[in-house]
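A.B. asks: Structure in structure tokens, see below.
Residue numbers (the numbering used here), protein chains in the order written: chain A, 10 to 105; chain B, 864 to 958; chain C, 2 to 95.
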């Protein structure tokens with residue numbers, strides 16, 4: 010729930026999603042859901058010369074389970090807030 | 864659920880777990896993100912030859928197999944001569 | 002030692018006490034990283050900053066037998082999906 014909320018605060022920000030097939034896609038985060046499925050707008054594959062498969066794709070839906078990393082815009086992440094929220098969630102293991 | 868509704872009736876690219884790329888019109892989907900494509904084709908990539916399009920027709924793809932759904936910009940897609948594109952297939956997902 | 006005195010009763014407590022500290026994370030696919038831990042959840046999804054990732058590549062094709070090389074890269078702020086996490090280790094307190 011916590012991580013889902015963090016992603017929600019980052020909508021409309023530029024991110025880089027790295028998949029478990031080593032494909033990296035940059036784009037504007039448009040939405041996330043509880044499974045951390047991700048919708049990106051205005052996308053670009055980082056190594057497009059090697060992976061031209063998505064040249065004509067402008068926006069996409071990525072299955073959460075195939076994501077390895079997401080690089081986030083550090084200037085839009087309040088780390089103190091994150092740590093406090095994480096401690097709070099760790100204290101009441103209500104709905105993990 | 865980050866909905867797939869916006870992709871219905873659009874031309875889309877599906878990338879599958881095993882690295883295959885399939886294009887077609889999204890006819891529908893369900894809760895488990897199973898997807899039905901009409902007029903679908905697999906795009907087979909290789910370094911030796913240009914991209915080969917293998918017609919598949921009406922196709923049902925299981926949601927578990929799909930790693931990415933992308934909306935295709937028709938103008939860009941039509942401007943690309945697939946026979947000139949040489950590339951390795953996308954790698955399969957390794958969990 | 003009384004486990005309660007350290008504030009550690011369950012494995013996740015060890016991670017909780019590492020918040021805002023540099024941690025070492027081992028991941029699937031011969032990947033390791035260090036970074037400052039800012040958030041985690043029960044799936045071991047992590048958010049870390051100032052991350053340095055190390056990928057170990059074993060080249061078995063090479064003529065001189067198996068050859069090991071490492072690739073490093075840095076990332077400012079990173080979400081790591083929990084299903085790839087093998088272990089999280091707190092900073093060494095020396």
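Glycine included, every Cβ here is placed at the ideal spot set by N, Cα and C.
Rounded to whole angstroms, what's the CA-CA distance from residue 48 of chain A to residue 34 of chain A? Just pull it up for me.
C.D. replies: Each residue's alpha carbon lies about 11 Å from the other.
A.B. asks: List, in chain order, every chain A residue whose beta-carbon is nearer than 9 Å to that of residue 23 of chain C.
C.D. replies: Correct list: empty, because the minimum Cβ distance to chain A is about 13 Å.
A.B. asks: Take residue 12 of chain C and list the residues in its own chain whose beta-carbon comes closer than 7 Å to its own, dropping the five residues that flank it on each side.
C.D. replies: Nothing meets the Cβ criterion.
A.B. asks: What residues from chain C crowd round residue 86 of chain A, counting only those whose CB sits closer than 7 Å?
C.D. replies: Here the neighbours are 78.
A.B. asks: For residue 32 of chain A, return the contacting residues in chain B, with the cut-off set at a CB-CB distance below 7 Å.
C.D. replies: Per Cβ cutoff of 7 Å: 953.
A.B. asks: Runs of 3 residues minimum, wholly inside the segment 873-946 of chain B: which ones carry the beta strand (DSSP E) assignment?
C.D. replies: Runs found: 874-879, 884-892, 898-907, 915-924, 929-935.
A.B. asks: Are any of the Cβ atoms in chain B nearer than 8 Å to that of residue 65 of chain A?
C.D. replies: At least one chain B Cβ lies under 8 Å of residue 65 of chain A.
A.B. asks: Applying the 10 Å Cβ sphere with the 16-neighbour rule, what's the burial state of residue 29 of chain C?
C.D. replies: When all chains shown are included, residue 29 of chain C counts as exposed.
A.B. asks: Mapping DSSP to helix, strand and coil, what is residue 44 of chain C?
C.D. replies: Coil, per DSSP.
A.B. asks: Out of B:889, B:885, B:925, point me to the one whose CA is closest to residue 907 of chain B's CA.
C.D. replies: The shortest Cα separation from residue 907 of chain B among B:889, B:885, B:925 belongs to B:885.
A.B. asks: Quick one: what's residue 53 of chain C bridged to in DSSP?
C.D. replies: Note: residue 53 of chain C sits in a beta bridge opposite C:35, C:75.
A.B. asks: Closer than 7 Å, Cβ to Cβ, to anything on chain A: give me those residues from the segment 46-76 of chain C, in chain order.
C.D. replies: The residues in question are 46, 48, 50, 76.
A.B. asks: Which of the three DSSP states, helix, strand or coil, is assigned to residue 70 of chain A?
C.D. replies: DSSP places residue 70 of chain A in strand when its eight states are reduced to three.
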